[in-house]
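Trainee: Provided herewith is a single structure, encoded as structure tokens, for subsequent inquiry.
There are 2 protein chains.
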Amino acid sequence: MTKPMREAYHEQLDEVNGRLIGMIRKTGELMGLATKALLEADLDAAEQAMASDSSINRDQLEIDEQVLELMATQGPVASELRIVTSALRSTSDAERMGDLAVHVAKVARMRYPDHAVPDELRDTFAAMGKAACEMSNKAVEVLRTRDLDAAAELAHDDNEMDHLHRSLFHVLLDDDEWDRGVEAAIDIALLGRYYERFADHAVHIATNVRYLVTGEIEWADSAAGH
Amino acid sequence: MTKPMREAYHEQLDEVNGRLIGMIRKTGELMGLATKALLEADLDAAEQAMASDSSINRDQLEIDEQVLELMATQGPVASELRIVTSALRSTSDAERMGDLAVHVAKVARMRYPDHAVPDELRDTFAAMGKAACEMSNKAVEVLRTRDLDAAAELAHDDNEMDHLHRSLFHVLLDDDEWDRGVEAAIDIALLGRYYERFADHAVHIATNVRYLVTGEIEWADSAAGH
Numbered sequence: 001m002t003k004p005m006r007e008a009y010h011e012q013l014d015e016v017n018g019r020l021i022g023m024i025r026k027t028g029e030l031m032g033l034a035t036k037a038l039l040e041a042d043l044d045a046a047e048q049a050m051a052s053d054s055s056i057n058r059d060q061l062e063i064d065e066q067v068l069e070l071m072a073t074q075g076p077v078a079s080e081l082r083i084v085t086s087a088l089r090s091t092s093d094a095e096r097m098g099d100l101a102v103h104v105a106k107v108a109r110m111r112y113p114d115h116a117v118p119d120e121l122r123d124t125f126a127a128m129g130k131a132a133c134e135m136s137n138k139a140v141e142v143l144r145t146r147d148l149d150a151a152a153e154l155a156h157d158d159n160e161m162d163h164l165h166r167s168l169f170h171v172l173l174d175d176d177e178w179d180r181g182v183e184a185a186i187d188i189a190l191l192g193r194y195y196e197r198f199a200d201h202a203v204h205i206a207t208n209v210r211y212l213v214t215g216e217i218e219w220a221d222s223a224a225g226h
Numbered sequence: 227m228t229k230p231m232r233e234a235y236h237e238q239l240d241e242v243n244g245r246l247i248g249m250i251r252k253t254g255e256l257m258g259l260a261t262k263a264l265l266e267a268d269l270d271a272a273e274q275a276m277a278s279d280s281s282i283n284r285d286q287l288e289i290d291e292q293v294l295e296l297m298a299t300q301g302p303v304a305s306e307l308r309i310v311t312s313a314l315r316s317t318s319d320a321e322r323m324g325d326l327a328v329h330v331a332k333v334a335r336m337r338y339p340d341h342a343v344p345d346e347l348r349d350t351f352a353a354m355g356k357a358a359c360e361m362s363n364k365a366v367e368v369l370r371t372r373d374l375d376a377a378a379e380l381a382h383d384d385n386e387m388d389h390l391h392r393s394l395f396h397v398l399l400d401d402d403e404w405d406r407g408v409e410a411a412i413d414i415a416l417l418g419r420y421y422e423r424f425a426d427h428a429v430h431i432a433t434n435v436r437y438l439v440t441g442e443i444e445w446a447d448s449a450a451g452h
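Structure follows, in structure tokens:
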């Protein structure tokens with residue numbers, strides 16, 4: 001028996017959502033690998049992270065194409081239009097998350113065999129890495145369940161990330177505490193920004209899902225000073 | 227006489243392109259204002275820049291919506307599908323360009339009444355600001371004309387920006403030259419990144435137009451070390 005056309009269409013939209021979930025899951029894995037590279041000065045992990053970003057870039061192209069083709073052939077109604085917008089915005093966020101994880105891996109590789117992160121900031125970066133991976137996983141859950149409470153949780157996690165991010169600057173700008181010079185300080189400031197931006201994009205994915213569900217846009221203020 | 231439907235549709239696509247051009251033009255103006263705020267420690271300019279970003283964010287929402295509605299009602303053919311993809315990617319790039327200009331303005335405001343940029347780096351930041359605005363203007367030209375030679379020029383301009391960006395680090399990391407401490411160094415490193423990212427997004431807009439014209443994707447390596 002042939003499925004009704006509309007039903008087949010919704011199955012295809014579910015398939016898109018499934019691929020998007022797979023893409024975002026990869027960003028968390030990539031950030032996990034990059035954080036390992038950073039904390040352990042692990043060159044193999046750094047290079048593995050850098051190599052696997054291309055798979056995320058390819059996901060974006062393929063998912064976007066699939067979404068647009070679906071849309072072109074089906075003439076979606078209003079709520080379906082939101083699925084498209086939400087999906088295209090989310091692939092763009094996930095693509096940036098992959099790039100940011102690669103930035104982290106590149107700093108690890110650039111300083112190898114030294115550690116880019118000094119001992120006194122190791123715990124903070126371990127916490128930022130853990131938070132980043134968890135936020136990526138929560139973004140996956142939000143996409144899977146469309147649970148807006150989980151989306152709100154992500155905003156809360158982002159506050160925690162911002163707190164960790166700010167704490168880096170307390171260490172860097174404390175004359176009594178920081179004696180590792182300018183180059184190391186710049187590494188830390190940029191690394192902090194990569195994690196913080198990664199988290200912003202995870203929040204943004206949740207915002208995209210909220211838009212999908214409610215039709216409402218809420219602009220997260222992604223412009224952060226340091 | 228009623229216009230043929232397809233013709234009306236293409237007029238609407240042109241209108242979308244026109245709005246996108248207006249949006250990207252604003253990013254150049256905003257970066258100009260933010261750079262003025264930075265170089266002259268001009269608080270008014272900083273606050274004006276921060277306030278005008280909301281208009282760019284609104285543009286993104288409205289243009290994206292218009293694109294998707296057009297698409298939903300028209301069932302575009304393949305080459306038109308590329309217009310949609312290219313437009314949605316470009317509004318996302320332009321939105322980030324606005325955010326990055328705001329970041330620059332925020333650093334200026336944070337250090338006011340001091341100058342965030344020390345005298346010896348003033349010329350470099352003036353050059354980065356000028357390059358950023360020119361690249362935004364060139365992205366506008368590429369969108370207006372779909373001239374792929376102009377798109378290729380943007381990649382060349384980006385090399386110039388990368389060169390300026392790297393030159394910052396030569397100053398920051400030269401022990402004999404840099405005596406302004408860690409906080410100022412971090413400001414400079416982050417500011418440099420904002421300009422460099424702004425330029426990357428301008429290049430990306432040109433890449434989106436190339437995709438529109440040729441159907442080919444060329445992944446700019448946006449992952450830069452520092």
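Sequences listed follow chains H and V, in order.
Quick note on the working numbering: the first sequence kicks off at 1 and runs consecutively.
Quick note on the working numbering: the second sequence kicks off at 227 and runs consecutively.
Don't be surprised by glycine CBs; every beta carbon is placed ideally from N, CA and C.
#1: Starting from Val-408/V, find everything on chain H with Cβ-Cβ shorter than 7 Å and list it in chain order.
#2: Is there contact here, the stretch 235 to 247 of chain V with the stretch 161 to 171 of chain H, by at least three beta-carbon pairs under 8 Å?
#3: Taking buried to mean at least 16 other C-beta atoms within 10 Å of its own C-beta, is Ala-199/H buried or exposed?
#4: Measuring only between beta-carbons, confirm whether Met-297/V sits less than 8 Å from chain C.
#5: Give a yes or no on whether the C-beta atoms belonging to Ile-24/H and Leu-143/H are separated by under 8 Å.
#6: Using only the alpha-carbon positions, how far apart do Ala-131/H and Gln-300/V sit?
#7: Find out if the Cβ-Cβ distance for the pair Gly-28/H, Cys-133/H is shorter than 8 Å.
#8: In the DSSP assignment, find the alpha helix (DSSP H) that holds Ala-377/V and state where it starts and stops.
#9: Name the chain V residues whose beta carbon is nearer than 9 Å to that of Asp-231/H?
#10: Between which residues of its own chain and His-103/H is the CB-CB distance below 6 Å, once the five residues before and five after are set aside?
#11: If the cut is a Cβ gap below 8 Å, which residues of chain H does Ser-318/V touch?
#12: Compare the C-beta of Arg-122/H against all C-beta atoms of chain V and say whether one is closer than 8 Å.
#13: Ordered along the chain, which non-local residues of its own chain (more than five positions away) have a Cβ less than 7 Å from that of Thr-350/V?
#14: With distance defined between alpha-carbon atoms, name the residue in Ser-281/V, Val-310/V, Ile-289/V and Gly-418/V nearest to Leu-438/V.
#15: Examine chain V for any beta-carbon lying closer than 8 Å to the beta-carbon of Ala-155/H, and answer yes or no.
#16: Between Leu-39/H and Arg-111/H, which are expected to be in contact by the criterion C-beta below 8 Å, what is the C-beta distance as a whole number of angstroms?
#17: Under 7 Å Cβ-Cβ, which residues of chain H neighbour Leu-294/V?
#18: Given a limit of 8 Å on CB to CB distance, which residues of the stretch 182 to 213 of chain H reach chain V?
#19: Identify, in the order they occur along the chain, each residue of the same chain with its Cβ nearer than 8 Å to the Cβ of Glu-177/H, setting aside the five sequence neighbours on each side.
#20: Whose C-alpha, out of Glu-295/V, His-427/V, Gln-286/V and Glu-233/V, is nearest the C-alpha of Asn-363/V?
#21: Taking 8 Å as the threshold, find out whether the stretch 315 to 330 of chain V comes into contact with the stretch 275 to 284 of chain V through three or more Cβ pairs.
#22: Looking only at its chain, what residues have a beta carbon closer than 6 Å to the beta carbon of Pro-118/H, apart from the 5 residues adjacent to it on each side?
#23: Indicate whether Val-429/V and Asp-384/V have their beta-carbon atoms separated by less than 8 Å.
#24: So is Glu-69/H buried or exposed if we call it buried at 16+ other beta carbons inside 10 Å?
#25: Return the chain-ordered list of same chain residues with a C-beta closer than 6 Å to the C-beta of Lys-26/H, the five sequence neighbours on each side being excluded.
#26: Report all residues from its chain with a CB closer than 7 Å to the CB of Arg-197/H; omit the five preceding and five following residues, and keep chain order.
#27: Would you identify the three-state DSSP class for Ala-41/H, choosing helix, strand or coil?
#28: Specify, as a first and last residue, the run of the alpha helix (DSSP H) that His-430/V falls within.
#29: By how many angstroms is the C-alpha of Val-408/V removed from the C-alpha of Leu-148/H?
Mentor: In short, the structure shows the following:
#1: Taking the second sequence and counting its residues from 1, the one referred to as residue 408/V is at position 182. Those within 7 Å of Val-408/V in chain H are Leu-172, Leu-173, Trp-178, Val-182 and Ala-185.
#2: Three or more Cβ pairs closer than 8 Å define a contact, and the stretch 235 to 247 of chain V falls short of that threshold against the stretch 161 to 171 of chain H.
#3: Position 199 of the first sequence, counting from 1, holds the residue named residue 199/H. That one is buried.
#4: Chain labels in this structure do not include chain C; the protein chains are H and V.
#5: Here residue 24/H corresponds to residue number 24 of the first sequence, with the count starting at 1. Here residue 143/H corresponds to residue number 143 of the first sequence, with the count starting at 1. The Cβ-Cβ distance between Ile-24/H and Leu-143/H falls below 8 Å.
#6: The residue you call residue 131/H lines up with position 131 of the first sequence. The residue you call residue 300/V lines up with position 74 of the second sequence. So the two alpha carbons sit approximately 43 Å from each other.
#7: Along the first sequence, read from residue 1 onward, the residue named residue 28/H stands at position 28. Along the first sequence, read from residue 1 onward, the residue named residue 133/H stands at position 133. It is a contact, given that the beta carbons lie within the stated cut-off.
#8: What you label residue 377/V is simply residue 151 of the second sequence in a count that begins at 1. First-last of the alpha helix (DSSP H) with Ala-377/V: 374 to 398.
#9: Nothing in the structure corresponds to residue 231/H, since chain H is present only between 1 and 226.
#10: For the purposes of this step, residue 103/H is taken as residue 103 along the first sequence, with counting starting at 1. Here the set comprises Tyr-194.
#11: Looking up residue 318/V in the second sequence gives position 92. Correct list: Arg-89 and Ser-92.
#12: Counting from one through the first sequence, the residue named residue 122/H turns up at place 122. Arg-122/H does not count as touching chain V.
#13: Position 124 of the second sequence, counted from the first residue, corresponds to residue 350/V. These residues qualify, in order along the chain: Leu-390, Ser-393 and Leu-394.
#14: Numbered from its first residue, the second sequence carries residue 438/V at position 212. When the alpha-carbon of Leu-438/V is set against those of Ser-281/V, Val-310/V, Ile-289/V and Gly-418/V, the nearest one is in Val-310/V.
#15: For this step, residue 155/H is matched to residue 155 along the first sequence. Cβ-Cβ to chain V under 8 Å: no for Ala-155/H.
#16: For the purposes of this step, residue 39/H is taken as residue 39 along the first sequence, with counting starting at 1. For the purposes of this step, residue 111/H is taken as residue 111 along the first sequence, with counting starting at 1. With a Cβ gap of about 12 Å, Leu-39/H and Arg-111/H do not count as contacting.
#17: Locating residue 294/V in the second sequence gives position 68, counting from the first residue. Residues of chain H passing the Cβ test: Leu-81, Val-84 and Thr-85.
#18: The residues in question are Val-182, Glu-183, Ala-185, Ile-186, Ala-189, Leu-190 and Arg-193.
#19: Here residue 177/H refers to the residue found at position 177 when the first sequence is read from its first residue. Setting aside the 5 residues that flank it on each side, Glu-177/H is surrounded in the same chain by Glu-120 and Val-171, each with a C-beta closer than 8 Å to its C-beta; the list follows chain order.
#20: Here the question's residue 363/V lines up with position 137 in the second sequence. For Asn-363/V, the nearest C-alpha among the options comes from His-427/V.
#21: The answer is yes - the stretch 275 to 284 of chain V touches the stretch 315 to 330 of chain V, with three or more Cβ pairs under 8 Å.
#22: Here residue 118/H refers to the residue found at position 118 of the first sequence. Non-local beta-carbon contacts of Pro-118/H in its own chain, meaning distances under 6 Å to residues more than five positions away in sequence, involve Arg-180 in chain order.
#23: Position 203 of the second sequence holds residue 429/V. Position 158 of the second sequence holds residue 384/V. With contacts defined as CB atoms closer than 8 Å, Val-429/V and Asp-384/V qualify as a contacting pair.
#24: For this step, residue 69/H is matched to residue 69 along the first sequence. Taking every protein chain shown into account, the CB of Glu-69/H has fewer than 16 other CB atoms within 10 angstroms, so this residue is exposed.
#25: Your numbering for residue 26/H matches position 26 in the first sequence. Sequence-distant partners of Lys-26/H (beyond 5 residues in either direction) whose C-beta falls short of 6 Å from its own C-beta, in its chain, are Ile-56.
#26: Here residue 197/H refers to the residue found at position 197 of the first sequence. For Arg-197/H, where only same-chain residues beyond five positions count, the Cβ hits under 7 Å are Leu-100.
#27: Taking the first residue of the first sequence as position 1, residue 41/H is located at position 41. Residue state, collapsed to three classes: coil.
#28: For the purposes of this step, residue 430/V is identified with residue 204 of the second sequence, where counting begins at 1. For His-430/V, the enclosing alpha helix (DSSP H) starts and ends at 407 to 440.
#29: Residue mapping note: residue 148/H aligns to position 148 of the first sequence, counting from 1. Residue mapping note: residue 408/V aligns to position 182 of the second sequence, counting from 1. The alpha-carbon atoms of Leu-148/H and Val-408/V are separated by roughly 42 Å.
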